[in-house]
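**Student:** Encoded as structure tokens, here's the structure I'll be asking about.
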């Protein structure tokens, strides 16, 4: 990668902008981590977000930085990266996140960022600037992550139903109110581990382009700490508009269903993060919730609501890419 002459002020501004995206990622996706535990009445929203924020940060001690590597080096050609591309990608992703948050649409912050990178890179250097292998891996998980969430959520629900077939509803409810605290914590851990690393990848890309570090150097520790703190703070402030959609509009959940959905989603996130795939926590938990609902009966799922969410998934990458392309052009004029 060619070293660029980037003003220290521009570099600082773009790092802050990346951390703002990370904060918004936590803010936007907080509902994914806490919707089930709130909607089942196990925890109050304020308590739930504090727990989720804590485990978002604890992920710093658990996961390797494979997702950060995929975003930083495996999405677009490092040679086209400059401060204009990073600016365009971040503004496009932040704009789409703000729009979907305002309307309470549980879209993917992850894919908004990927779309932003694609749009800004294509605006600068055409489609030849894209790394096909990394993008194919990421795009394939748009389908695979909700499918895996669906499968694991359904399997957990069936397994629990067999194990507790002779138990009374009251006893089952009592047990799973406690167990849901564990499942929600594990989901928040997976959320922090996967999502915070996407912003690390962007900052890493920027630091390499500016010559502050090289591609062979490890990611600076201060970047890792700042990104985990930013997503944790974003989660702490929460995204209450989306809680209602995720927790009640798709299907009515009881503590046992919340436990199964969160556990299925957490397994999916742990697997994806271990493989270095930047997946959507929104897609994952939605698939798991639908799986839990359909395991009881197909009519328990409000398929119209689920369908509207899927349309938001489809539009996320092209919409954020379009906004990023415009932002890239604006960036060339003002930075």
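In our numbering, the protein residues as written are 414 to 748. Where a beta carbon is used, it is the ideal one built from N, C-alpha and C, also for glycine.
Residues in the same chain with beta-carbon distance under 7 Å from residue 668, minus the five sequence neighbours each way, listed in chain order, please.
**Tutor:** Working through the chain shown from its first residue, we reach residue 668 at position 255. Taken in chain order, the residues that qualify are 453, 455, 586, 589, 590 and 593.
**Student:** With DSSP as the reference, label residue 456 as helix, strand or coil.
**Tutor:** In the chain shown, residue 456 corresponds to position 43, counting from 1. DSSP places residue 456 in coil when its eight states are reduced to three.
**Student:** Helix, strand or coil for residue 489? Go by DSSP, reduced to three states.
**Tutor:** In the chain shown, residue 489 corresponds to position 76, counting from 1. Correct three-state label for residue 489: strand.
**Student:** Taking residue 518 and residue 725 to be in contact with their CB atoms under 8 Å, please state how far apart those CB atoms are, rounded to whole angstroms.
**Tutor:** In the chain shown, the residue the question calls residue 518 occupies position 105. In the chain shown, the residue the question calls residue 725 occupies position 312. With 8 Å as the limit, residue 518 and residue 725 qualify as a contact, their Cβ atoms being about 5 Å apart.
**Student:** Would you kindly check if the distance between the Cβ of residue 472 and the Cβ of residue 563 is under 8 Å?
**Tutor:** Your numbering for residue 563 matches position 150 in the chain shown. Your numbering for residue 472 matches position 59 in the chain shown. For residue 563 and residue 472, no; Cβs fall outside 8 Å.
**Student:** For the ligand GDP, I want to know if residue 439 counts as a neighbour, meaning its beta carbon is within less than 7 Å of at least one of the ligand's heavy atoms.
**Tutor:** Among the ligands in the structure shown, none appear at all, so the ligand GDP cannot be discussed.
**Student:** Classify residue 557 as buried or exposed, calling it buried when 16 or more other Cβ atoms lie within 10 Å of its own Cβ.
**Tutor:** For the purposes of this step, residue 557 is taken as the residue at position 144 of the chain shown. Looking at its Cβ environment, which holds 16 or more other Cβ atoms inside 10 Å, residue 557 is buried.
**Student:** Are the region 734 to 742 and the region 536 to 543 touching by the rule of at least three beta carbon pairs closer than 8 Å?
**Tutor:** Yes, the region 734 to 742 is in contact with the region 536 to 543.
**Student:** Tell me which residues share the same chain as residue 683 and place their Cβ nearer than 6 Å to its Cβ, disregarding the 5 neighbours each side in the sequence.
**Tutor:** Residue numbering aside, residue 683 sits at position 270 when the chain shown is read from its first letter. Answer for residue 683: 603, listed in chain order.
**Student:** Along the chain, where does the alpha helix (DSSP H) that runs through residue 546 open and close?
**Tutor:** Counted from its first residue, the chain shown places residue 546 at position 133. It spans 545 to 576 - the alpha helix (DSSP H) in which residue 546 sits, taken as one unbroken run.
**Student:** Are the CB atoms of residue 530 and residue 502 within a distance shorter than 8 Å?
**Tutor:** Numbered from 1 along the chain shown, position 89 holds the residue referred to as residue 502. Numbered from 1 along the chain shown, position 117 holds the residue referred to as residue 530. A contact, by the Cβ cut-off of 8 Å.
**Student:** For residue 581, name the three-state secondary structure that DSSP assigns.
**Tutor:** Reading the chain shown from its first residue, position 168 is the one you call residue 581. Note: residue 581 maps to coil in three-state DSSP.
**Student:** Please identify the residue among 569, 641, 628 and 624 whose C-alpha is closest to the C-alpha of residue 486.
**Tutor:** By one-based count along the chain shown, residue 486 stands at place 73. Comparing Cα positions, the closest option is 628.
**Student:** Taking the Cβ atom as the reference point for each residue, do residue 624 and residue 482 lie within a distance shorter than 8 Å?
**Tutor:** Within the chain shown, residue 624 is the residue found at index 211, counting from 1. Within the chain shown, residue 482 is the residue found at index 69, counting from 1. No, the Cβ-Cβ distance between residue 624 and residue 482 is not below 8 Å.
**Student:** What is the DSSP secondary structure of residue 475, counted as helix, strand or coil?
**Tutor:** On the chain shown, residue 475 is found 62 positions in, with the first residue counted as 1. The answer is coil: DSSP assigns residue 475 none of H, G, I, E or B.
**Student:** Which same chain residues end up closer than 6 Å to residue 614 when comparing Cβ atoms and leaving out the 5 residues on each side of it in sequence?
**Tutor:** In the chain shown, the residue the question calls residue 614 occupies position 201. Correct list, in chain order: 481, 484 and 485.
**Student:** Rounded to whole angstroms, what is the Cα-Cα separation between residue 554 and residue 633?
**Tutor:** Taking the chain shown and counting its residues from 1, the one referred to as residue 554 is at position 141. Taking the chain shown and counting its residues from 1, the one referred to as residue 633 is at position 220. Roughly 28 Å separates the two Cα atoms.
**Student:** Might you give, ordered along the chain, the residues of its own chain that have their beta carbon closer than 6 Å to the beta carbon of residue 567, omitting 5 neighbours on each side?
**Tutor:** Position 154 of the chain shown, counted from the start, is the residue given in the question as residue 567. Answer for residue 567: 704 and 708, listed in chain order.
**Student:** I'd like to know whether the C-beta atoms of residue 644 and residue 491 end up nearer to each other than 8 Å.
**Tutor:** One-based indexing of the chain shown puts residue 644 at position 231. One-based indexing of the chain shown puts residue 491 at position 78. It is not a contact, given that the beta carbons lie outside the stated cut-off.
**Student:** Measuring CB to CB, does residue 565 end up less than 8 Å from residue 677?
**Tutor:** Mapped onto the chain shown, residue 565 falls at position 152. Mapped onto the chain shown, residue 677 falls at position 264. Yes, the Cβ-Cβ distance between residue 565 and residue 677 is below 8 Å.
**Student:** So residue 478 packs on residue 639, CB below 8 Å; how close in whole Å?
**Tutor:** One-based indexing of the chain shown puts residue 478 at position 65. One-based indexing of the chain shown puts residue 639 at position 226. Not confirmed; about 14 Å, so no contact.
**Student:** Is the separation between the beta-carbon of residue 731 and that of residue 528 shorter than 8 Å?
**Tutor:** Numbered from its first residue, the chain shown carries residue 731 at position 318. Numbered from its first residue, the chain shown carries residue 528 at position 115. For residue 731 and residue 528, yes; Cβs fall inside 8 Å.
**Student:** Answer with buried or exposed for residue 430, where buried requires no fewer than 16 other C-beta atoms within 10 angstroms of its C-beta.
**Tutor:** In the chain shown, the residue the question calls residue 430 occupies position 17. Buried, by the Cβ-count rule.
**Student:** Going by DSSP in three states, residue 516 sits in which element: helix, strand or coil?
**Tutor:** Locating residue 516 in the chain shown gives position 103, where the first residue counts as 1. Coil at residue 516, not helix or strand.
**Student:** Taking Cβ positions, are residue 523 and residue 608 nearer each other than 8 Å?
**Tutor:** Looking up residue 523 in the chain shown gives position 110. Looking up residue 608 in the chain shown gives position 195. Contact flag set, yes.
**Student:** In angstroms with no decimal places, state the Cα-to-Cα distance between residue 748 and residue 426.
**Tutor:** Counting from 1 along the chain shown, the entry for residue 748 is found at position 335. Counting from 1 along the chain shown, the entry for residue 426 is found at position 13. Rounded to the nearest angstrom, the two C-alpha atoms are 10 Å apart.
**Student:** Roughly how far, in whole angstroms, is the beta-carbon of residue 745 from the beta-carbon of residue 497, given that I think they are within contact range, below 8 Å?
**Tutor:** Position 332 of the chain shown holds residue 745. Position 84 of the chain shown holds residue 497. Yes, they are in contact, since the Cβ atoms of residue 745 and residue 497 sit about 5 Å apart, within 8 Å.
**Student:** Using CA atoms only, rank isn't needed, just tell me which of 440, 618, 469 and 649 is closest to residue 493.
**Tutor:** If you number the chain shown from 1, residue 493 lands on position 80. Comparing Cα-Cα distances from residue 493 to each of 440, 618, 469 and 649, the minimum goes to 618.
**Student:** For residue 465 and residue 458, I'd like the C-alpha separation in whole angstroms.
**Tutor:** As a first step, residue 465 must be located in the chain shown, where it is residue number 52. As a first step, residue 458 must be located in the chain shown, where it is residue number 45. So the alpha carbons of these two residues sit roughly 10 Å apart.
**Student:** From the DSSP output, in three-state form, read off residue 663 for me.
**Tutor:** Reading the chain shown from its first residue, position 250 is the one you call residue 663. The pLDDT assigned to residue 663 is 47, lower than 50, so where the model puts this residue is not dependable; a value taken from the coordinates is nonetheless given after this. Coil, per DSSP.
**Student:** Measure how close the beta-carbons of residue 367 and residue 509 come, nearest whole angstrom, since I'm counting them as under 8 Å.
**Tutor:** As shown, the chain starts at 414 and ends at 748. That puts residue 367 outside it, with no answer to give.
**Student:** Kindly list the residues whose CB is nearer than 6 Å to the CB of residue 685, restricted to its own chain and excluding five residues on each side of it in sequence; keep chain order.
**Tutor:** Position 272 of the chain shown, counting from 1, holds the residue named residue 685. The residues are 692.
**Student:** Does residue 739 come out as helix, strand or coil in the three-state DSSP assignment?
**Tutor:** The residue given as residue 739 occupies position 326 in the chain shown. Looking at residue 739 - three-state DSSP - the assignment turns out to be helix.
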